[in-house]
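Visitor: Okay, here's the structure, questions in a sec.
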Amino acid sequence: MSSNINKDTGVGVLNCQEIERLISGEVITAAEPIADGQIQPASLDLRLGTKAYRILSSFLPENHGVEERLRMKDLHGSDIIMYELDIPADGAILEKNNVYLIPLMEALNLPEDLRARANPKSTTGRLDIFTRVITDRSHLFDNIASGYKGGLYLEVMPRSFPIKIKAGQRLVQLRLTRGSSDYTVPDDQLMELHAGQGVLFNEDGSIVSASDIRINKGVFMSVDLSGDNPAGVVAYKSRKNSHYVDMSLVNHYNIEEFWEPIHKNTIKDTLILEPEEFYILASKERISIPEMYAAEMVPYEAGSGELRTHYAGFFDPGFGYGRAGELKGTKAVLEVRAHDVPFMITDGQKICKLNFEKMAAAPSMLYGADIGSSYQGQGIKLSKHFKDG
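Residues in the sequence shown are numbered consecutively from -5, following our numbering.
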């Protein structure tokens, strides 16, 4: 680990030690004590509260508090809240394509030099659960302004499957940054980082050459349609009619009950994505996030219509890196939905981009063995609720 772990935290993305200090200093508070397992190398998992509101539509509160806006009527005189739903100890079902708003257990009391951003957790994205955090008087989703003081609310819409949730479960994570600058790593520094440590690796573990890597306001990654796995699967497409997924069950469900496996096209390495269908794919390259960096996957737009390639796009320090850079990368799982028109993708086609962000200081733990991570060393992998193979 880096020798600067114990030094004072500077500007950039805050590490787990600083998050712990913010909890101790009541900058981050909660209705129930925050558990150690919520704290990740560069993020904090947020927990569902005990009540959900089935709402008519999504909204942003702008100049109002969220609770105040919930009780206002729309332009047609209708209530935004359709009904309230308690989340008991044995769980509650959220129906597919319905919009819910759930107060989270955590709240913030940020000083003026701290701001925050929320992302769905990997498991949330792989289940096609659309989530975003709302705060009082905000005009942006998932962005918490510096100096914010108040509660956090999670908008949830299951898209492919109904889900069963319990209070205390974690669908999203929060990362905090100190300072007002943009801490995205510029292209020249990203190329230096790749040349020195390697951030993108080929499937055989060799570093992607300088001539083959594409860096332009982030690192571009391509899709793997080779089917180079025992089952020859290149993608999974969610089935339209299935049972609910209980979020508390791990390695429980048979894949075929919820997903249609798509195998390699033996004639040509292509796949046509059908509009508004949800697919799980994997990147061809392997990404490595060194200890002094975090990363976020950002949308990729195609000229013939938007192709969304992520729903849970945050990568903690150590992803694909190991304790000292020994892993040589891990594939990124891509949560993909094409809009408007059918869209053909080809093996090796650039399909997503990863932005790197500077850490304010190195974390004392890294993604992987340090925190019992579910997806280190993954190939094309569904959420942890499904049986392997």
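The beta-carbon is built from N, C-alpha and C at its ideal position, and this holds for glycine as well.
1) Measuring from the CB of Arg317, is there a heavy atom of the ligand HEM at a distance below 7 Å?
2) Quick one: what does DSSP say Gly31 is sitting in, helix, strand or coil?
3) To the nearest angstrom, how far is it from the Cα of Lys278 to the Cα of Ile96?
4) Could you check where the beta strand (DSSP E) with His188 kicks off and where it finishes?
5) Within 10 angstroms of its Cβ, does Phe380 collect 16 or more other Cβ (buried), or is it exposed?
6) Return the residue from the list Leu348, Tyr177 and Ala101 that minimises the CA-CA distance to Gly19.
7) Determine the direct distance from the alpha carbon of Ser132 to that of Tyr361, and round the result to whole angstroms.
8) Starting from Gly145, trace the alpha helix (DSSP H) in both directions and tell me its first and last residue.
9) From the DSSP output, in three-state form, read off Leu16 for me.
10) Given a cut-off of 8 Å, decide if Ile74 and Met66 are closer than it, judged by their beta-carbon atoms.
11) Rounded to whole angstroms, how far is the Cβ of Tyr77 from the Cβ of Leu64, which I believe are closer than 8 Å?
12) Note down, in chain order, each residue of its chain lying with its Cβ closer than 6 Å to the Cβ of Ala25, except the 5 sequence neighbours on either side.
13) Find the nearest neighbour of Gln123 within the set Ala356, Tyr273 and Gly323, judged by alpha-carbon distance.
14) Taking the C-alpha atoms as reference points, what is the distance between Pro311 and Ala318?
15) Name, in chain order, the residues that DSSP records as bridge partners for Glu26.
16) Could you check which residue in Asp341, Glu285, Ala355 and Gly162 has the C-alpha nearest to that of Thr264?
17) Hey, out of Asp382, Val330, Pro105 and Ser200, whose CA is closest to Val21's CA?
18) Residues in the same chain with beta-carbon distance under 6 Å from Thr44, minus the five sequence neighbours each way, listed in chain order, please.
19) Going along the chain, which unbroken runs of the alpha helix (DSSP H) with 4 or more residues stay wholly within the segment 24 to 108?
20) Do three or more CB pairs link the segment 181 to 201 to the segment 331 to 345 at distances below 8 Å?
21) With three or more beta-carbon pairs closer than 8 Å as the criterion, would you say the segment 203 to 221 touches the segment 237 to 252?
22) Between which two residues does the beta strand (DSSP E) holding Thr340 run?
23) What's the gap between the Cα of Ile49 and the Cα of Phe135?
Guide: Once the coordinates are examined:
1) As far as ligands go, the structure on display features none, and thus does not contain the ligand HEM.
2) Three-state result, Gly31: helix.
3) Linking Lys278 to Ile96 through their CA atoms gives a straight-line distance of about 37 Å.
4) Run containing His188: none in the beta strand (DSSP E); it sits in the alpha helix (DSSP H), Asp181 to Gly190.
5) Looking at its Cβ environment, which holds 16 or more other Cβ atoms inside 10 Å, Phe380 is buried.
6) Residue Ala101 is the option with its Cα nearest to Gly19.
7) Cα-Cα distance, rounded: 31 Å.
8) Bounds of any alpha helix (DSSP H) do not take in Gly145; it lies within the beta strand (DSSP E) bounded by Lys143 to Pro152.
9) Residue state, collapsed to three classes: helix.
10) In contact: Met66 and Ile74 (Cβ atoms closer than 8 Å).
11) So it is not a contact: roughly 12 Å between Cβ atoms.
12) Answer for Ala25: Met99, listed in chain order.
13) The amino acid occupying residue 123 in the given sequence is Ile; Gln does not appear at that position. Ranking Ala356, Tyr273 and Gly323 by Cα distance to Ile123 puts Tyr273 first.
14) When rounded, the distance between both Cα atoms is 11 Å.
15) DSSP lists no partner for Glu26.
16) Closest option to Thr264, Cα to Cα, is Asp341.
17) The residue with the shortest Cα to Cα distance from Val21 is Pro105.
18) The answer, listed in chain order, is Ile81 and Ala161.
19) Taken in chain order, the complete alpha helix (DSSP H) segments of 4 or more residues contained in the segment 24 to 108 are 60 to 64.
20) The segment 181 to 201 is not in contact with the segment 331 to 345.
21) These segments do not touch.
22) Under the DSSP assignment, Thr340 falls in the beta strand (DSSP E) whose first and last residues are Phe337 to Thr340.
23) Near 16 Å, if we compare the C-alpha coordinates of Phe135 and Ile49.
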